[in-house]
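So the structure is just underneath, and the comments pick up after that.
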Amino acid sequence: AVNLKGRSFLTLADFTPAEIRYLLDLARDLKAKRRSGVCEPTMQGKHIVLLFEKTSTRTRCSFEVAATQEGAHVTYLDAGSSQMGKKESLEDSAKVLGRFFDGIEYRGFDQKVVEDLAKYAGVPVWNGLTDADHPTQILADMLTIEEHVHKPLNKVKVVFPGDVRNNMCYAWMIGAAKMGMHFVGIGPEELAKQMDPEIVKSTFATARETGGLIEITDNMNDIKDADVIYGDIWASMGEEELIPKRSELLSPYRVTEETLKATGNPEVLYMHCLPSFHDFETKLAKEWHDKGVDIREVTDEVFRGRHSVVFDEAENRMHTIKAVMVATIGK
Ligand code: CP
Ligand code: NVA
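Here you go:
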């Protein structure tokens, strides 16, 4: 039987397909319990800390709500508000936090930081997004796919048109390879060239073992037969100065109604980790729009249309993050 007590959750690459299956099933179970009003808190008396060096809506709120529903207490520290990394080494901070808390969530830049936290803290550390991965997002995405696409994950084709060198594309390559899925990252050669060669190599190798298939192409025709078109913004947090360049490079990869039609799948799903620039309603999108730069990675029509399950997906962040915490530190 699968037992994840005491384990960190840094990347899905560290987990077996059976362990990932266990987390998805646990999330489905916890979601059903929540829906039917059953309350069996498994984290009473536990304390967790959330460290965010980048902003967040879904991830932070998922950890807070999920932990609170399970009876735990949450401390939130944003980038400027602790000594970590500035007046105190990461190692010392990790050792201290490990004495106070039963679990630590971290969102930041370098994957090495989340690995070092886990190395020194002595308690489970959960990756809430780095430049190289976003594993809790992938659990939510897989759960959402299972709720909407009625076939096993290893028969599902996910296509990601956009910034193939970002955390979401990497996270999908890692997760899809593990679960034997077909994943296609579609983006311009210029971005594909910048991909992390280690992640490419290891995910291609894993897919060969699991019967999955990972592909990186620049050809939008490869969306054919997709079960899921997956979106993300074109310039990630911390890369805002690249917006004009990325908009130029990625405009042929914007997802429109035509893109959905070109899959040939009348039931294709549109998914997105969020936040999204599907219109010019946000401050950032509007400012660039006024300067003649269109940063929409998807049209508003698709985002709000019948294929889109983006808000089901967002809700599932909470249920899957809860599963990760319950599995690793719950009673
Ligand atoms: N998808 C996601 O991680 O959202 P937040 O940045 O709002 O946490
Ligand atoms: N690639 C995006 C994902 C946000 C959830 C970013 O890192 O900003």
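All you need for the UniProt record's numbering is the position in the sequence shown, starting with 1, plus 1.
All C-beta atoms, glycine included, are put in the ideal place defined by N, C-alpha and C.
Return the first residue and the last residue of the beta strand (DSSP E) that residue i is part of.
{"i": "Ile215", "result": "214-218"}
{"i": "Trp289", "result": "Not the beta strand (DSSP E): Trp289 falls in the alpha helix (DSSP H), residues 284-291."}
{"i": "Gly104", "result": "104-108"}
{"i": "Phe16", "result": "From DSSP, Phe16 is part of no beta strand (DSSP E); its letter is neither H nor E."}
{"i": "Ile244", "result": "Segment 244-251 is the alpha helix (DSSP H) holding Ile244; no beta strand (DSSP E) there."}
{"i": "Ile230", "result": "229-232"}
{"i": "Lys158", "result": "158-162"}
{"i": "Met272", "result": "270-273"}
{"i": "Val299", "result": "Here Val299 belongs to no beta strand (DSSP E), and DSSP marks it neither H nor E."}
So, at 7 Å on beta carbons, what are the nonlocal neighbours of residue i in its own chain, with the 5 sequence-adjacent residues on each side left out?
{"i": "Glu20", "result": "Val3, Leu5"}
{"i": "Asn266", "result": "Asp226, Ala227, Asp228"}
{"i": "Thr12", "result": "Asn128, Asp134, Pro136, Ile175"}
{"i": "His290", "result": "Phe281"}
Whose C-beta lies closer than 8 Å to the C-beta of residue i among residues of the same chain, with five residues either side of it excluded?
{"i": "Glu190", "result": "Asp219"}
{"i": "Ser252", "result": "Asp295"}
{"i": "Arg318", "result": "Arg59, Thr60, Ser63, Thr137, Gln138, Ala141"}
{"i": "Pro18", "result": "Lys179, Met180, Gly181, Thr211"}
{"i": "His74", "result": "Lys47, His48, Ile49, Ala68"}
{"i": "Val325", "result": "Phe10, Leu24, Trp127, Thr137, Leu140"}
{"i": "Ala263", "result": "Met221, Asn222, Ile224, Lys225"}
{"i": "Val256", "result": "Pro162, Ile230, Gly232, Tyr271, Glu298, Val299, Thr300, Val303"}
For the alpha helix (DSSP H) that residue i lies in, which residues bound it at each end?
{"i": "Phe53", "result": "Segment 48-53 is the beta strand (DSSP E) holding Phe53; no alpha helix (DSSP H) there."}
{"i": "Asn168", "result": "168-179"}
{"i": "Ile187", "result": "From DSSP, Ile187 is part of no alpha helix (DSSP H) but of the beta strand (DSSP E) over 183-187."}
{"i": "Asn317", "result": "311-330"}
{"i": "Leu78", "result": "Looking at the DSSP string, Leu78 is not in any alpha helix (DSSP H); the run it does join, the beta strand (DSSP E), is 74-79."}
With a CB to CB cut of under 6 Å and the five nearest residues on each side skipped, what residues in its chain are close to residue i?
{"i": "Gly123", "result": "Gly99"}
{"i": "Gln195", "result": "Arg166"}
{"i": "Arg247", "result": "Trp235, Ala236"}
{"i": "Phe110", "result": "Asp132"}
{"i": "Met238", "result": "Lys55"}
{"i": "Pro42", "result": "Glu71, Gly72"}
Residue i: which of the options sits nearest, CA to CA?
{"i": "Arg209", "options": "Met182, Tyr231, Gly104", "result": "Met182"}
{"i": "Asp93", "options": "Arg8, Ala119, Val75, Gln112", "result": "Ala119"}
{"i": "Ser309", "options": "Lys88, Ile146, Gly129", "result": "Ile146"}
{"i": "Ile215", "options": "Val165, Gly306, Asp233, Val327", "result": "Val165"}
{"i": "Cys274", "options": "Thr58, Phe53, Gly306", "result": "Thr58"}
{"i": "Asp280", "options": "Arg297, Gly212, Trp289", "result": "Arg297"}
{"i": "Glu268", "options": "Val325, Glu41, Lys225", "result": "Lys225"}
{"i": "Lys323", "options": "Ala14, Leu27, Arg8, Phe16", "result": "Leu27"}
{"i": "Val126", "options": "Gly72, Trp173, Lys202, Gly104", "result": "Gly104"}
{"i": "Ile330", "options": "Glu116, Ala33, Glu106, Ala95", "result": "Glu106"}
{"i": "Glu259", "options": "Lys32, Val299, His149", "result": "Val299"}
{"i": "Tyr77", "options": "Lys88, Asp197, Phe102", "result": "Phe102"}
{"i": "Phe312", "options": "Asp117, Lys34, Leu144", "result": "Leu144"}
{"i": "Leu130", "options": "Ala95, Arg108, Lys292", "result": "Arg108"}
{"i": "Gly188", "options": "Leu250, Lys34, Ser90", "result": "Leu250"}
{"i": "Glu148", "options": "Val185, Asp30, Gly81", "result": "Asp30"}
Buried or exposed for residue i, going by 16 or more other Cβ atoms inside 10 Å?
{"i": "Arg36", "result": "exposed"}
{"i": "Phe53", "result": "buried"}
{"i": "Ala206", "result": "exposed"}
{"i": "Thr204", "result": "buried"}
{"i": "Asn222", "result": "exposed"}
{"i": "Ala315", "result": "buried"}
{"i": "Pro153", "result": "exposed"}
{"i": "Ser9", "result": "buried"}
{"i": "His151", "result": "exposed"}
{"i": "Gln112", "result": "buried"}
{"i": "Val327", "result": "buried"}
{"i": "Gly163", "result": "buried"}
{"i": "Gly186", "result": "buried"}
Closer than 8 Å, CB to CB, is residue i near chain C or not?
{"i": "Asp223", "result": "No chain C is part of this structure, which consists of one protein chain only."}
Taking three-plus beta-carbon pairs below 8 Å as touching, is the region 144-163 in contact with the region 125-134? Contact between the region 144-163 and the region 125-134 is not established, with fewer than three Cβ pairs separated by less than 8 Å.
Given 8 Å as the limit, is there contact between the region 165-173 and the region 148-157, that is, 3 or more CB pairs closer than that? Taking one beta carbon from each stretch, the region 165-173 and the region 148-157 have fewer than 3 pairs nearer than 8 Å; the two do not touch.
If contact is defined by three or more beta carbon pairs under 8 Å, each pair taking one atom from either stretch, is the region 238-246 in contact with the region 299-315? With the rule of 3 Cβ pairs closer than 8 Å, the region 299-315 does not count as touching the region 238-246.
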